[in-house]
Amino acid sequence: MARRLQDELAAFFFEYDTPRMVLVRNKRVGVVFRLIQLVVLVYVIGWVFVYEKGYQTSSGLISSVSVKLKGLAVTKLPSLGPQVWDVADYVFPAQGDGSFVVMTNFIATPRQAKGHCAENPEGGTCTNNSGCTPGKAERKAQGIRTGKCVAFNDIVHTCEIFGWCPVEVDDNIPCPALLREAENFTLFIKNSISFPRFKVTRRNLVEEVDAAYMKTCLYHKTLHPLCPVFKLGYVVQESGQNFSTLAEKGGVVGITIDWHCDLDWHVRHCKPVYEFHGLYEEKNLSQGFNFRFARHFVENGTNYRHLFKVFGIRFDILVDGKRDPGAVEGRAFQPVTTPPSLSPCVQGGQSQGQNPGLPTSSCVSMQSQSRGQQAVGPATSVGWGRPLAPGLVSGLLRKAFSTRPF
């Protein structure tokens, strides 16, 4: 045991291996070898670098969006009188951000006050007081039942309620939309993005957009693709929907801002691309988009409100992006080995690419007898058949054009 350990230590300190280089002067083998090198180069340069950009790495982004709208509309309803609607009236919320609603139509129930009145027939009908349980509210009720059955009109009787009176009747939606001028309203989108990992910040107000240009431009996908001012009618049209139809009952439109930045190029080439998507389906069971809001006021000590059932177009702004900086990544390269038939190397007494069990002397003898072959260097292990290691471009090209196989 001690003798064996001593031999192992002696072999570790006083023996070493050196590669054996073989110069092959054979046109057929040389052509095949260079073809393999060419295939590897075409794959790495053409596919990995040029097409797939496998040397790049990706990073997500952080985004901030703010919007401003401009435009005026006028309505003349008998119940409300002449009304002028500006941004403070038709945009919800007032400080629009990534999601906001532009009112295009409404049903008004003016001068509601708290008191007792007949419920809307949608909340349930009755024939006598026994059908009106006091303190109960049905799903579509607009107030709390008092227990009395009263006349809603000459034909229908409903339960009396305590709530805001008169109750809302929303059966008839105005057609055409009352705020159809909204088609000409303008939307200004201000978007800032950041790739925190790489400390890169960008805005949609790119170099081509200056103060003079902003005053006159309106977005057009071919004529003015970088203008951040959008006409609402054009946005709806590009989403594949009809503005007049959408304005009547409301709907949803998605605006996407795509930032796919390839920083192999200068940062000024990183520009936003706007796309518009209709997210409204006319065949849905619950059509359109609506909600309610109220304007409260006090008159002669009594609290009143104007109730509005608002139909509007909801705009959702979604920002998507990916940064591809030109950083070389070792994972872009896959190990590549030369075919066994071109690897007549020996290591540890066995030939790589030859039949297992072939002794070293036999392999060397076969190499010596091959036409046009010449052995150079000490007769030890030969370094053929090694995989192509991941690395930088310079190392890859050096291996590819070297006279040594890799």
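Per UniProt numbering, the very first residue in the sequence shown carries number 1; after that it's consecutive. The beta carbon of each residue, even a glycine, is placed where N, CA and C say it ideally should be.
Locate the beta strand (DSSP E) running through residue i, then write down its first and last residues.
i: R4; result: No beta strand (DSSP E) holds R4; the alpha helix (DSSP H) holding it covers 2 to 14.
i: Y274; result: 273 to 278
i: K114; result: 99 to 118
i: F195; result: 186 to 195
i: A73; result: 73 to 77
i: T216; result: No beta strand (DSSP E) contains T216, which is instead part of the alpha helix (DSSP H) from 211 to 216.
i: K68; result: 62 to 70
Alpha carbon to alpha carbon, what distance is there between residue j and residue i?
i: E208; j: L187; result: 19 Å
i: A94; j: R295; result: 15 Å
i: L35; j: V273; result: 43 Å
i: V235; j: N153; result: 45 Å
i: E8; j: F14; result: 10 Å
i: F308; j: F293; result: 6 Å
i: G131; j: N120; result: 15 Å
i: F100; j: K271; result: 24 Å
i: G81; j: P110; result: 11 Å
i: M1; j: R20; result: 34 Å
i: A151; j: R314; result: 39 Å
i: K76; j: Q83; result: 6 Å
i: F12; j: R28; result: 41 Å
Should residue i be counted as a contact of the ligand MG given a C-beta to heavy atom distance under 7 Å?
i: F92; result: Summarising the ligand content, the structure contains no ligands, and the ligand MG is consequently not present.
What span of residues does the alpha helix (DSSP H) with residue i cover, start to end?
i: V40; result: 27 to 41
i: Q237; result: 232 to 238
i: A88; result: 87 to 90
i: K249; result: 243 to 249
Anyone know if the C-beta pair for residue i and residue j falls short of 8 Å?
i: V252; j: L279; result: yes
i: K215; j: N204; result: no
i: T158; j: G123; result: yes
i: G254; j: D316; result: yes
i: G71; j: A182; result: yes
i: E238; j: T256; result: no
i: A108; j: S79; result: yes
i: T104; j: L218; result: no
i: F289; j: F106; result: no
Say whether the region 172 to 179 touches the region 36 to 43, bearing in mind that this needs 3 or more beta-carbon pairs closer than 8 Å, one atom from each stretch. no
For the 8 Å Cβ check, are there 3 or more pairs between the region 221 to 230 and the region 134 to 150? no
Is the number of C-beta pairs between the region 233 to 248 and the region 259 to 271 that are closer than 8 Å three or more? no
Should the region 107 to 119 be regarded as contacting the region 157 to 164, the criterion being three or more beta carbon pairs within less than 8 Å? yes
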